[in-house]
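Q:
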Amino acid sequence: MRALTDTHILLWALMAPDRLGISSRALLESPDHEIFFSAANIWEIAIKRALERPDFDVEPDVVYRADPFDRLLIAQAQSEPMRLITADPLFARYGVELFPA
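Note that my numbering numbers the sequence shown so that position 15 is 21, with each residue one more than the last.
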């Protein structure tokens with residue numbers, strides 16, 4: 007499977023793997039899958055860090071309505087047929103194939 011990570015999944019995988027669910031951790035660690043992160047992930051981290059928001063505690067409703075980074079990830083997942091690894095259930099509203107974290 008080809009899968010694209012949401013930014014919080016990328017951060018959890020790198021800094022707090024215990025926050026990942028069993029199935030998403032297995033997916034990320036399996037050599038049978040291609041796991042991608044996007045320039046949008048890095049851009050989001052840089053901008054939110056500059057805004058002194060390294061915690062990334064954004065309410066899901068706000069993410070759905072306004073987060074341009076999530077929209078970039080959604081667009082990439084749709085255009086390159088990839089599943090998006092995320093813990094945010096609101097991504098399903100965009101018709102993206104999800105792999106739950």
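Backbone N, C-alpha and C fix where the C-beta goes; we use that ideal spot for every residue, glycine too.
Small disclaimer: the values here were computed from a predicted structure and weren't measured.
(1) Please specify which runs of the beta strand (DSSP E), each continuous and at least 3 residues long, are wholly inside the segment 8-61, giving them in chain order.
(2) Pick helix, strand or coil for P106, following the three-state DSSP scheme.
(3) Return the first residue and the last residue of the beta strand (DSSP E) that R77 is part of.
(4) So D38 and L90 are supposed to be a Cβ contact under 8 Å. How far apart are they, rounded?
(5) Thinking C-beta only, is A107 closer than 7 Å to W15?
A: Working from what's here:
(1) 8-11, 40-42
(2) strand
(3) Per DSSP, R77 belongs to no beta strand (DSSP E); it is in the alpha helix (DSSP H), 74-85.
(4) About 18 Å; that fails the 8 Å criterion.
(5) For the sequence presented, residue 15 should be read as Ile rather than Trp. Going by C-beta atoms, I15 is nearer than 7 Å to A107.
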